[in-house]
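Asker:
In the UniProt record's numbering, the protein residues as written are 1 to 108.
1) Counting only runs of 3+ residues fully inside the UniProt domain "Thioredoxin" (1-106), write out the beta strand (DSSP E) ranges in chain order.
2) Just checking, does the region 83-102 make contact with the region 52-66 on the three C-beta pairs under 8 Å criterion?
3) What is the rounded straight-line gap between the Cα of residue 92 and the Cα of residue 12?
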């Protein structure tokens, strides 16, 4: 499942989620973010049972960007059990994104 999160609902959607969550910090003016979006859409469908994907627009939610020390975008975080488990910066090929998710989500 893919959805958007804001400063108001982030903790409920992400930090209190029973499933791992891939958080995509992005902005509408970010070319690499736009390039990554279709890959994340595919990932959301294929990994629907294992992981939720949440997008955070840093222009609209600057406090979340500050909280997670976002210094560049796109920034992907994996949150498990209410804590950051991994992060990756920049665009990724589908195979690299799959490897990132598999390494950090499927691991028991």
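Just so you know, even glycine gets a beta-carbon here, dropped at the ideal spot from N, CA and C.
Answerer: In this structure, then:
1) 2-4, 21-26, 52-57, 75-80 and 83-89
2) no
3) Start at 1 with the first residue of the chain shown, and residue 92 comes out as number 92. Start at 1 with the first residue of the chain shown, and residue 12 comes out as number 12. If I take the Cα positions, the gap works out to 28 Å.
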